[in-house]
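Accompanying notes for the structure given below.
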Amino acid sequence: GDSVTQMEGPVTLSEEAFLTINCTYTATGYPSLFWYVQYPGEGLQLLLKATKADDKGSNKGFEATYRKETTSFHLEKGSVQVSDSAVYFCALSGNSGGSNYKLTFGKGTLLTVNP
Amino acid sequence: ETGVTQSPTHLIKTRGQQVTLRCSSQSGHNTVSWYQQALGQGPQFIFQYYREEENGRGNFPPRFSGLQFPNYSSELNVNALELDDSALYLCASSSQGSGRTEAFFGQGTRLTVV
Numbered sequence: 001g002d003s004v005t006q007m008e009g010p011v012t013l014s015e016e017a018f019l020t021i022n023c024t025y026t027a028t029g030y031p032s033l034f035w036y037v038q039y040p041g042e043g044l045q046l047l048l049k050a051t052k053a054d055d056k057g058s059n060k061g062f063e064a065t066y067r068k069e070t071t072s073f074h075l076e077k078g079s080v081q082v083s084d085s086a087v088y089f090c091a092l093s094g095n096s097g098g099s100n101y102k103l104t105f106g107k108g109t110l111l112t113v114n115p
Numbered sequence: 116e117t118g119v120t121q122s123p124t125h126l127i128k129t130r131g132q133q134v135t136l137r138c139s140s141q142s143g144h145n146t147v148s149w150y151q152q153a154l155g156q157g158p159q160f161i162f163q164y165y166r167e168e169e170n171g172r173g174n175f176p177p178r179f180s181g182l183q184f185p186n187y188s189s190e191l192n193v194n195a196l197e198l199d200d201s202a203l204y205l206c207a208s209s210s211q212g213s214g215r216t217e218a219f220f221g222q223g224t225r226l227t228v229v
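Top line first, the protein sequences correspond to chains A and B. Residues in the first sequence are numbered from 1 upward in steps of one, following our numbering. Residues in the second sequence are numbered from 116 upward in steps of one, following our numbering.
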């Protein structure tokens, strides 16, 4: 079945540091890939997405590129801010079983950015 | 455009009781999915509803059931609550057939079973 493996946290960085959170996936066919962010006490917010190989999703300074050859979708940001502190989830949406929008999530990576 | 709303935001139930959680989908969306997020874990897919019928189910027992109404809103019902059912329950809405793949989540309902 589909699965997502993402970097274990927690990750602690200083403001303006470079961020990478690794994500790899296993899926049949050609899934869509997503990064969601969850701030304390809140639901999930879509951060960015990519729907086909070599697509780059970007939003709020975050980027991730859909790499089919390495089955990866690593999240990067060049200069993090304190306000980026949150839990980040990598997810995929496959097309198996007719449930087109079932999301399979990784376990999440807690990011803390210190001033 | 209204977002996904869930109610209630928090509730406490006793083991063995039944609970109903509610979700209003985002305007223009016809599909609702439910997820369970245990503390410190990623969300796990419970089931999805499309056109008022279940359209896919995860690895959850039959005491987890749901409904979708003609206005696309949805309910999640859990019978015979167990302590392990304590979690954040998330509703997500999306639009099948539109070509858009993303799902939008509500703020969740925090269920505590004591």
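Cβ coordinates follow ideal geometry from the N, Cα and C atoms, glycine included.
Let me know if proline 123 of chain B comes out buried or exposed under the rule of 16 or more other beta-carbons within 10 Å of its beta-carbon. For the purposes of this step, residue 123 of chain B is taken as residue 8 along the second sequence, with counting starting at 1. Flag for proline 123 of chain B reads exposed.
For serine 99 of chain A, count neighbouring Cβ atoms within 10 angstroms of its own Cβ and tell me buried if that reaches 16, exposed if not. Along the first sequence, read from residue 1 onward, the residue named residue 99 of chain A stands at position 99. Note that serine 99 of chain A has pLDDT 47, beneath the 50 cutoff, so the model's placement of it is unreliable and the number below is only indicative. Burial call: buried.
Against chain A, does glycine 157 of chain B count as a neighbour if the rule is that its beta carbon must be under 8 Å from one of theirs? Sequence index remark: in the second sequence, residue 157 of chain B carries index 42 (1-based). Cβ-Cβ to chain A under 8 Å: yes for glycine 157 of chain B.
Which value, in whole angstroms, describes the spacing of the CA atoms of asparagine 145 of chain B and glycine 173 of chain B? The residue you call residue 145 of chain B lines up with position 30 of the second sequence. The residue you call residue 173 of chain B lines up with position 58 of the second sequence. One C-alpha to the other measures close to 20 Å.
Which of helix, strand or coil DSSP assigns to valine 37 of chain A: Counting from 1 along the first sequence, the entry for residue 37 of chain A is found at position 37. Valine 37 of chain A falls in the strand class under three-state DSSP.
At least three beta-carbon pairs within less than 8 Å, the stretch 17-32 of chain A to the stretch 133-141 of chain B: no
In its own chain, which residues sit with a C-beta less than 8 Å from the C-beta of tyrosine 164 of chain B, not counting the 5 before and 5 after it? For this step, residue 164 of chain B is matched to residue 49 along the second sequence. For tyrosine 164 of chain B, where only same-chain residues beyond five positions count, the Cβ hits under 8 Å are Thr146, Val147, Ser148, Asn170, Gly181, Leu182, Gln183, Ser189.
Shortest alpha-carbon distance to lysine 119 of chain A belongs to which of A/Glu42, A/Ser3, A/Gly43, A/Glu15? Given that chain A is displayed from residue 1 to residue 115, the structure contains no residue 119 of chain A and the question cannot be resolved.
Please work out which residues of its chain come closer than 6 Å, Cβ to Cβ, to alanine 153 of chain B, disregarding the five sequence neighbours upstream and downstream, and give them in chain order. Here residue 153 of chain B refers to the residue found at position 38 when the second sequence is read from its first residue. The residues are Ala202.
Whose Cβ in chain A lies nearer than 8 Å to the Cβ of leucine 205 of chain B? Counting from one through the second sequence, the residue named residue 205 of chain B turns up at place 90. The answer, in chain order, is Gly43, Leu44.
Under a three-way DSSP split, which group does leucine 203 of chain B fall into? Taking the first residue of the second sequence as position 1, residue 203 of chain B is located at position 88. In this structure, leucine 203 of chain B counts as strand in the three-state DSSP scheme.
With distance defined between alpha-carbon atoms, name the residue in B/Gly118, B/Ile161, B/Ser140, B/Pro185 nearest to arginine 178 of chain B. Numbered from 1 along the second sequence, position 63 holds the residue referred to as residue 178 of chain B. Arginine 178 of chain B has its Cα closest to that of B/Ile161, out of B/Gly118, B/Ile161, B/Ser140, B/Pro185.
CB contact check: leucine 47 of chain A to chain B, cutoff 8 Å: Start at 1 with the first residue of the first sequence, and residue 47 of chain A comes out as number 47. It does not: the Cβ of leucine 47 of chain A has no partner Cβ on chain B nearer than 8 Å.
Which residue from B/Phe219, B/Arg225, B/Arg166 puts its Cα closest to that of glutamine 141 of chain B? For this step, residue 141 of chain B is matched to residue 26 along the second sequence. Closest option to glutamine 141 of chain B, Cα to Cα, is B/Phe219.
Buried or exposed (CB count within 10 angstroms, at least 16 for buried), alanine 53 of chain A: The sequence position of residue 53 of chain A within the first sequence is 53, counting from 1. Classification of alanine 53 of chain A: exposed, given that the 10 Å Cβ count is below 16.
Only counting the same chain, and skipping five residues up and downstream in sequence, which positions put a Cβ closer than 7 Å to that of serine 85 of chain A? As a working mapping, residue 85 of chain A is identified with position 85 in the first sequence. Excluding sequence neighbours, serine 85 of chain A sits near Leu111, Thr112, Val113.
Is serine 83 of chain A helix, strand or coil when you go by DSSP? Translated into the one-based positions of the first sequence, residue 83 of chain A becomes position 83. Note: serine 83 of chain A maps to helix in three-state DSSP.
Out of curiosity, what's the CA-to-CA distance linking tyrosine 88 of chain A and glutamine 45 of chain A? By one-based count along the first sequence, residue 88 of chain A stands at place 88. By one-based count along the first sequence, residue 45 of chain A stands at place 45. The straight-line gap from Cα to Cα measures roughly 10 Å.
Are any of the Cβ atoms in chain B nearer than 8 Å to that of glycine 108 of chain A? If you number the first sequence from 1, residue 108 of chain A lands on position 108. Answer yes: the Cβ-Cβ gap between glycine 108 of chain A and chain B drops below 8 Å somewhere.
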